[in-house]
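Engineer: One structure follows; several queries about it will come next.
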Amino acid sequence: MSKAVHAARRLILGRALRSEHLGDQLLSKRLALPIFASDPLSSVAYATQEILLVLSLGGLAYLYLTPYLAAGVVVLLAVVVLSYRQVVFAYPSGGGSYEVANRNLGPSAGLTVAAALLVDYVMTVAVSVAAGVDNLISAIPSLNEHRVALAVGFVILLTAMNLRGVRESGKTFAVPTYGFIAGVLVLIVTGLIRVILGDAPVAESAAYSITPEHSGITGLALVFFALRAFSSGCTALTGVEAISNGVPAFRRPKSTNAAKTLVAMGATAIVMFSGITALAIISKVRIAEHTCDLVGFTGNCETDPQRTVIAQIAAAVFGGTTNVGFFYIQAATVLILILAANTAYNGFPLLASILARDRYLPRQLNTRGDRLAFSNGIVLLALAAGILIVIFDASVTHLIQLYILGVFTSFTLSQAGMVRHWNRLLRAEPDRAERHRIRLRRAVNGIGCALTGLVLIIVTATKFTQGAYLVVIAMPILFVMMKAIRRHYDRVAAALVLDEDSFDLPSQVHAIVLISQLHKPAARALAYARATRPSTLEAVTVQSDDTPRLQKEWDKHSMPVSLKVLASPYREVTRPIANYIKTIRRDNPREVITIYIPEYVVGHWWEHLLHNQSALRLKGRLLYTPGVMVTSVPWLLDSAEHVTHPAARPAPGDIRRGALPAATPTPNNRP
Numbered sequence: 224m225s226k227a228v229h230a231a232r233r234l235i236l237g238r239a240l241r242s243e244h245l246g247d248q249l250l251s252k253r254l255a256l257p258i259f260a261s262d263p264l265s266s267v268a269y270a271t272q273e274i275l276l277v278l279s280l281g282g283l284a285y286l287y288l289t290p291y292l293a294a295g296v297v298v299l300l301a302v303v304v305l306s307y308r309q310v311v312f313a314y315p316s317g318g319g320s321y322e323v324a325n326r327n328l329g330p331s332a333g334l335t336v337a338a339a340l341l342v343d344y345v346m347t348v349a350v351s352v353a354a355g356v357d358n359l360i361s362a363i364p365s366l367n368e369h370r371v372a373l374a375v376g377f378v379i380l381l382t383a384m385n386l387r388g389v390r391e392s393g394k395t396f397a398v399p400t401y402g403f404i405a406g407v408l409v410l411i412v413t414g415l416i417r418v419i420l421g422d423a424p425v426a427e428s429a430a431y432s433i434t435p436e437h438s439g440i441t442g443l444a445l446v447f448f449a450l451r452a453f454s455s456g457c458t459a460l461t462g463v464e465a466i467s468n469g470v471p472a473f474r475r476p477k478s479t480n481a482a483k484t485l486v487a488m489g490a491t492a493i494v495m496f497s498g499i500t501a502l503a504i505i506s507k508v509r510i511a512e513h514t515c516d517l518v519g520f521t522g523n524c525e526t527d528p529q530r531t532v533i534a535q536i537a538a539a540v541f542g543g544t545t546n547v548g549f550f551y552i553q554a555a556t557v558l559i560l561i562l563a564a565n566t567a568y569n570g571f572p573l574l575a576s577i578l579a580r581d582r583y584l585p586r587q588l589n590t591r592g593d594r595l596a597f598s599n600g601i602v603l604l605a606l607a608a609g610i611l612i613v614i615f616d617a618s619v620t621h622l623i624q625l626y627i628l629g630v631f632t633s634f635t636l637s638q639a640g641m642v643r644h645w646n647r648l649l650r651a652e653p654d655r656a657e658r659h660r661i662r663l664r665r666a667v668n669g670i671g672c673a674l675t676g677l678v679l680i681i682v683t684a685t686k687f688t689q690g691a692y693l694v695v696i697a698m699p700i701l702f703v704m705m706k707a708i709r710r711h712y713d714r715v716a717a718a719l720v721l722d723e724d725s726f727d728l729p730s731q732v733h734a735i736v737l738i739s740q741l742h743k744p745a746a747r748a749l750a751y752a753r754a755t756r757p758s759t760l761e762a763v764t765v766q767s768d769d770t771p772r773l774q775k776e777w778d779k780h781s782m783p784v785s786l787k788v789l790a791s792p793y794r795e796v797t798r799p800i801a802n803y804i805k806t807i808r809r810d811n812p813r814e815v816i817t818i819y820i821p822e823y824v825v826g827h828w829w830e831h832l833l834h835n836q837s838a839l840r841l842k843g844r845l846l847y848t849p850g851v852m853v854t855s856v857p858w859l860l861d862s863a864e865h866v867t868h869p870a871a872r873p874a875p876g877d878i879r880r881g882a883l884p885a886a887t888p889t890p891n892n893r894p
C-alpha cells in the first residue's frame, strides 16, 4: 500500500485497533439507545404521514380512521417489544430472529429470516436517508433538484462513520437522537398545552381539500383500504429487532442491559408516535401522494414539494416556518432520519458475519477491519442502499412500498420459534412455579406470532402490486444463493478432509526452471531450485528466434543445469510447456513437478502491463494441473525498491492467529 493511500485510509478510518481492544468498543445503555433505537424512534417522523397518505386517496372522507389505525400500531408495537424482550434473554449471542428460527424451526426457516432481514436492513438505509432528505427539502425547498445526490452523499458519510467503529459512531449519534427525542416531546407538550388553553394549532394545509382517487368505498373494499393504511403505519415497528441482533455489543450484563434498552425504546416510540398522530389530527394536516391532488395548494404543484406532516405540525405549534422551533424540529428530524440508517449499519454487518460463520455467506463478511468493525458488510450494505436510492430517485413514496415485508417475515418466524423454544423448556421443567412462568412467556410470544403473522398477510396483500413484489422476488433469490454457498463450502470441506494418503511423501521431485533469457532473475531462480535439492532439475525454454543466442550464453557461463529447448512451430509459449509437463506426469504419476517462474516486482501500476504477462498466463494454466506446484521467484525492479512501505502495524486477529504474543502485564519494578 502506498504512503498516500495509507494516509487517506487512516484519515477516514482512524488508527488500527488491536483485537484485544474489542472489549473497549462495547456499549453502555446510554450509547446503545441511539445506535440501535434510532430507526424505530425516527419512524415517528413518517409513520403517521404514511397512514394519512393512504387515507387521502379517498379524499377527506376517511381521515376519521386515523386514530383507530394508530391505536392498532401502538398495540402491535407494545406486543413486539415484549416479545423481543424475551428473545434477548433466551438467545443473547446476537443471532436474534435468525438464531431463534434456525434453532427451533430448522435451517430453512432461519435462512428465510436471514434473507428477510438482509433485505429489510438495506431498505432501512434507503428509506431513512430518503425521508431525511425529504424533511431537509421541507425546510429548504430549493434543494429539491439535488434530492438523489444528497441522499447518496449521506449514505457515503454514514459508511465512513461506521467504518471507524461502533463506539465512536455511537458518540456521534447520541446527541442528534436525544436532541430529536427532546424536540418532539417539547413539540407534543406545547401543542397539547395550546389545545388545553383553547388555542389549538392549525396546519398550513388545514383549509385544503383533496381530490379523491377512490370514492364511495364501502364494505370489504373499505376494510381492505383501512388495512392498507394500517400496513403503511406499521413502518413504526421497523428496527425493533436490531437490539436482539446486537446483544453482544452491550456491556455486561448483556441481556439485562439490552432488555432495558429495548423497553426504553418501545415506550419512547409509543409516546412520540401517539403524540405526533394526535397533533396531526388536531391541526388538520392534509397531505397527498400527488401534490396536484391538494385543492388550494398555493405553489406550483408540478415542481414545488409539499411539506411533511411533522414539518406542518412544527410550523403550526411554534408559529410559522420562520420560527426557531420549526427549524430545530426540522434539523433534528433530518439528523435522526439520516442516522436511523445506523441501526442497519450495526445490524446488517453483524447478521452477515453470523451467516458467514455458518458458511451461508462468503467468509470475508466475518472478518473485522482495522477499527474492529465488520467492514466488508458495511460497504456491501452501503452499495445496495445507494443503488436503490438512485433507481427510485430517493422517493420515500416509492421506496416505502418495498419496506416492512421483510421485517414482519422475521417477526413472525422468530415468534413462532420462541413458542417452540418455550414448549421444549416446558417439557423438561418439573417445577410448577417455573412452568407457570414459562406458560406466560409462551403466551406473550404466541400473541406476538399471531399478530405479526396477520400483519404480514395484510402487508403482502395490500402492498404487493405497489412494489412489494420486488421484495418477494429478492428474498427467495437470497435464500437460494445462501443455500448454494453453504453447499459449496460443505463440498470443499468434505474434499479437504485428511485421509491415510494425506501425509505420503512423493516418490521424486522434478524441478523445472522456466528460462526466457539468461539474466539475474533467471540465475536466482536456478540457485533457489538447486537449493531445494530436487531429484531432477532442468532448465526449460521455448524455441524462438533468440534461442541460439540463449544457448551460446548458457554454454559460455558453463551453467550447472542442462537447458532443454521445447519446439514451438506456432510460436506459442504456454502450450508447449503444458504439454511437456503432461508428458512427465503421464510417465511418472507419483512424481511431483515444481515449476519455478522468475517474476518482476514492479513499483507502478502501468508496469504490470509491460512485464509478467506470459508468466501470469502460464501460471494460470498450470495451477489447474494435478501434481504440479508453481513457485514464483521475485525480482525487485528499481521502481519497486524505491516504494516507501508504511511501518507494519499489528492487525486485528494477529494474536488469535499466533502472529503476535498475547499481551502480558507490565512488571512492577518498584521495591
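What the sequence shown shows, in my numbering, is residues 224 to 894, in sequence order.
Backbone N, C-alpha and C fix where the C-beta goes; we use that ideal spot for every residue, glycine too.
Helix, strand or coil for A511 per DSSP?
Structural biologist: Coil at A511, not helix or strand.
Engineer: Count the other CB atoms within 10 Å of the CB of N569; is the residue buried (16 or more) or exposed (fewer)?
Structural biologist: Burial call: buried.
Engineer: If you draw a straight line from the C-alpha of I323 to the C-alpha of P471, how long is it?
Structural biologist: Sequence inspection shows Val at residue 323; the Ile mentioned does not correspond to that position. Spanning the two alpha carbons is a distance of roughly 15 Å.
Engineer: Since S785 contacts E761 with CB under 8 Å, what's their CB separation in whole angstroms?
Structural biologist: Rounded, the Cβ-Cβ distance is 6 Å, consistent with contact.
Engineer: What span of residues does the beta strand (DSSP E) with Y819 cover, start to end?
Structural biologist: Segment 814-824, the beta strand (DSSP E) holding Y819.
Engineer: Just curious, the alpha helix (DSSP H) that L305 is in, first and last residue?
Structural biologist: Note, L305: alpha helix (DSSP H), 289-313.
Engineer: Skipping 5 residues on each side, what residues in its chain have a beta carbon closer than 6 Å to that of L622?
Structural biologist: Same-chain partners within the cutoff: A349, V350, A353, F615.
Engineer: Tell me the residue span of the alpha helix (DSSP H) that contains S855.
Structural biologist: Looking at the DSSP string, S855 is not in any alpha helix (DSSP H); the run it does join, the beta strand (DSSP E), is 851-859.
Engineer: S725 bridges to which residues according to DSSP?
Structural biologist: In DSSP, S725 forms no bridge with anything.
Engineer: Report the three-state DSSP secondary structure of A467 (helix, strand or coil).
Structural biologist: Just to set this straight, residue 467 is Ser in the shown sequence, not Ala. S467: helix per DSSP, three-state reduction.
Engineer: So for I614, helix, strand or coil by DSSP?
Structural biologist: Three-state DSSP puts I614 in a helix.
Engineer: Express the C-alpha separation of V824 and T400 in angstroms, rounding to a whole number.
Structural biologist: The straight-line gap from Cα to Cα measures roughly 51 Å.
Engineer: Nearest by alpha-carbon distance to V446: which of L410, S306, L278, F726 is it?
Structural biologist: The candidate whose alpha carbon is nearest that of V446 is L278.
Engineer: Out of L636, H437, T458, S637, point me to the one whose CA is closest to A270's CA.
Structural biologist: Measuring from the Cα of A270, the nearest candidate turns out to be T458.
Engineer: What number of angstroms, rounded off, separates the C-alpha of R753 from the C-alpha of T382?
Structural biologist: For R753 and T382, the distance between alpha carbons rounds to 52 Å.
Engineer: So for H742, helix, strand or coil by DSSP?
Structural biologist: Of the three classes helix, strand and coil, the one that applies to H742 here is coil, per DSSP.
Engineer: Any idea what DSSP makes of F520, helix, strand or coil?
Structural biologist: In the structure shown, F520 sits in coil (DSSP, three-state: anything other than H, G, I, E or B).
Engineer: Compute the Euclidean distance between the alpha carbons of K252 and M488, then round it to the nearest angstrom.
Structural biologist: Answer to the nearest angstrom: the Cα atoms are 11 Å apart.
Engineer: Go through its chain and collect everything with a Cβ distance to L196's Cβ below 6 Å, but skip five positions before and after it.
Structural biologist: Residue 196 falls outside the range modelled here, since the chain spans only 224 to 894, and no answer is possible.
Engineer: On the CB-based measure, 16 or more other CB atoms within 10 Å of its CB, does C672 come out buried or exposed?
Structural biologist: Label assigned to C672: buried.
Engineer: What's the C-alpha gap between V302 and S365?
Structural biologist: Taking the straight line joining both Cα atoms gives about 42 Å.
Engineer: Quick one: what does DSSP say Q587 is sitting in, helix, strand or coil?
Structural biologist: Helix.
Engineer: Tell whether a beta-carbon distance below 8 Å holds between A555 and G406.
Structural biologist: Yes; because the gap between Cβ atoms is below 8 Å, this pair is in contact.
Engineer: Closest to I499 by CA distance: which of L264, V613, I379, A746 is it?
Structural biologist: Cα-wise, what sits closest to I499 is L264.
Engineer: Pick helix, strand or coil for A762, following the three-state DSSP scheme.
Structural biologist: A762: strand per DSSP, three-state reduction.
Engineer: May I ask you to report which of helix, strand or coil DSSP gives L786?
Structural biologist: Note: L786 maps to strand in three-state DSSP.
Engineer: Need the endpoints of the alpha helix (DSSP H) that L737 sits in, please.
Structural biologist: No alpha helix (DSSP H) holds L737; the beta strand (DSSP E) holding it covers 731-737.
Engineer: Locate the alpha helix (DSSP H) running through I661, then write down its first and last residues.
Structural biologist: 655-686 is the span of the alpha helix (DSSP H), which, as asked, contains I661.
Engineer: Counting Cβ pairs closer than 8 Å, one from the stretch 420-429 and one from the stretch 500-514, do we hit at least three?
Structural biologist: As far as the Cβ criterion goes, the stretch 420-429 touches the stretch 500-514, which means the pair count is three or higher.
Engineer: Given that a residue counts as buried once 16 or more other Cβ atoms are within 10 Å of its Cβ, and exposed if not, what is T759?
Structural biologist: By the 10 Å Cβ count, T759 comes out exposed.
Engineer: Thinking just about the alpha-carbon of each residue, which of T347, V703, R709, F549 is nearest to the one in R586?
Structural biologist: Selected option, being the one with the closest Cα: R709.
Engineer: Let me check understanding here. Comparing Cα to Cα, which of K483, A605, L517 lies closest to V345?
Structural biologist: For V345, the nearest C-alpha among the options comes from A605.
Engineer: Take V863 and list the residues in its own chain whose beta-carbon comes closer than 7 Å to its own, dropping the five residues that flank it on each side.
Structural biologist: What sits at residue 863 in the sequence shown is Ala, not Val. Answer for A863: V824, V825, G826, listed in chain order.
Engineer: Can you pull the DSSP bridge partners for L211?
Structural biologist: Here the chain has residues from 224 to 894 only, and residue 211 is not among them.
Engineer: In chain order, what residues of the same chain lie with their CB nearer than 8 Å to the CB of S497, ignoring the 5 residues before and after it?
Structural biologist: Result list for S497: A293, V297, in chain order.
Engineer: Kindly confirm or deny that the stretch 639-653 and the stretch 662-680 touch, where touching means at least three C-beta pairs closer than 8 Å.
Structural biologist: These segments touch.
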